[in-house]
């Protein structure tokens, strides 16, 4: 069975500081990996995805993530955080054949002025 | 691309009542998914359709829950005899074959409160 662990429930950073959100997955084959962002009371917006190829993927809003097969990780990074990045971030895994996504429990990001 | 829409956005009901939610997927997407999200948790899969066929149901989908997608377009999720434990955000997503189905686009959700 596939699973996702996001070890950090809550992270606080200052505006302009760098950010790294951790994600570890468990999946028996090559995973399809995603990061979504959710603002309060809203649905999920896709930030970026990894299917294959280059292990460093670029997404929207200046985010990037790196797939490390040896560590079963897919950490999300941003070099300089903006106040508008405050939200909840979810890592998810899918596979082939494509069916449902399995999500982690999320990391709440607070940005200090 | 008008995105996935869900109605209503909020629903407050009393325990024991029935509720129905609607999801309209992105028009060319033939797969539609329902997820449930409780406070402080990530979304959990409930069920999904390919066209009008319901292909998979989670063990979370008790017999009080029923989902339909009669014409392969919009879908409804009905909860009968609601319980307080049903209070959650119900999210709908859709995906298309040309993106390999894995890339799912989510709607804004319907927040259900059972009193």
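Residue numbers (the numbering used here), protein chains in the order written: chain R, 913 to 1025; chain Y, 58 to 172.
Positions of the beta carbon are idealized from the N, C-alpha and C atoms, including for glycine.
Remember, predicted model here, so these are calculated numbers, not experimental data.
Does the distance from the C-beta atom of residue i to that of residue j stay below 9 Å?
i, j, result
"residue 88 of chain Y", "residue 133 of chain Y", "no"
"residue 923 of chain R", "residue 1017 of chain R", "no"
"residue 91 of chain Y", "residue 158 of chain Y", "no"
"residue 945 of chain R", "residue 1023 of chain R", "no"
"residue 931 of chain R", "residue 980 of chain R", "no"
"residue 66 of chain Y", "residue 138 of chain Y", "no"
"residue 1003 of chain R", "residue 925 of chain R", "no"
"residue 150 of chain Y", "residue 131 of chain Y", "no"
"residue 992 of chain R", "residue 974 of chain R", "yes"
"residue 1021 of chain R", "residue 1000 of chain R", "yes"
"residue 63 of chain Y", "residue 955 of chain R", "yes"
"residue 153 of chain Y", "residue 83 of chain Y", "yes"
"residue 957 of chain R", "residue 935 of chain R", "no"
Mapping DSSP to helix, strand and coil, what is residue i?
i, result
"residue 128 of chain Y", "coil"
"residue 81 of chain Y", "strand"
"residue 921 of chain R", "coil"
"residue 1008 of chain R", "coil"
"residue 990 of chain R", "strand"
"residue 981 of chain R", "helix"
"residue 71 of chain Y", "coil"
"residue 915 of chain R", "strand"
"residue 168 of chain Y", "strand"
"residue 123 of chain Y", "strand"
"residue 1020 of chain R", "strand"
"residue 138 of chain Y", "coil"
"residue 926 of chain R", "strand"
"residue 996 of chain R", "helix"
"residue 88 of chain Y", "strand"
"residue 93 of chain Y", "strand"
Chain B partners of residue i, CB-CB under 9 Å?
i, result
"residue 140 of chain Y", "Of the chains in the structure shown, none is chain B; the protein chains are R and Y."
Report all residues from its chain with a CB closer than 6 Å to the CB of residue i; omit the five preceding and five following residues, and keep chain order.
i, result
"residue 122 of chain Y", "136"
"residue 125 of chain Y", "133"
"residue 100 of chain Y", "92, 94, 148"
On a CA-only basis, which of the options is nearest residue i? Give me that one, please.
i, options, result
"residue 947 of chain R", "R:971, R:964, R:939, R:940", "R:971"
"residue 1010 of chain R", "Y:112, Y:100, Y:125, Y:129", "Y:112"
"residue 59 of chain Y", "Y:85, Y:75, Y:104", "Y:85"
"residue 933 of chain R", "R:985, R:981, R:969", "R:985"
"residue 165 of chain Y", "R:919, R:950, R:942, R:915", "R:950"
"residue 142 of chain Y", "Y:82, Y:107, Y:117, Y:81", "Y:117"
"residue 952 of chain R", "R:983, R:998, R:935, R:969", "R:998"
"residue 967 of chain R", "R:956, R:974, R:942", "R:942"
"residue 983 of chain R", "R:937, R:929, R:927", "R:937"
Enumerate in chain order the residues of its own chain whose CB-to-CB distance from residue i is below 8 Å, with the five nearest sequence positions on each side excluded.
i, result
"residue 127 of chain Y", "109"
"residue 115 of chain Y", "101, 102, 103, 104"
"residue 927 of chain R", "993, 994, 995, 1023, 1024, 1025"
To which residues of the same chain is residue i closer than 7 Å at the C-beta, ignoring the five residues directly before and after it?
i, result
"residue 140 of chain Y", "72, 171"
"residue 939 of chain R", "914, 1005, 1007"
"residue 107 of chain Y", "87, 88"
Near-chain Y residues of the stretch 983-1014 of chain R (beta-carbon distance less than 7 Å), N- to C-terminal order: 1002, 1006, 1010, 1011, 1012, 1013
Near-chain Y residues of the stretch 942-963 of chain R (beta-carbon distance less than 9 Å), N- to C-terminal order: 944, 946, 948, 950, 953, 954, 955, 956, 957, 958, 961, 963
Chain R contacts made by the stretch 97-115 of chain Y, where a contact means CB separation under 9 Å: 97, 98, 99, 100, 101, 102, 103, 104, 105, 112, 113, 115
Positions along the stretch 149-160 of chain Y whose CB lies within less than 7 Å of some CB in chain R: 157, 158, 159, 160
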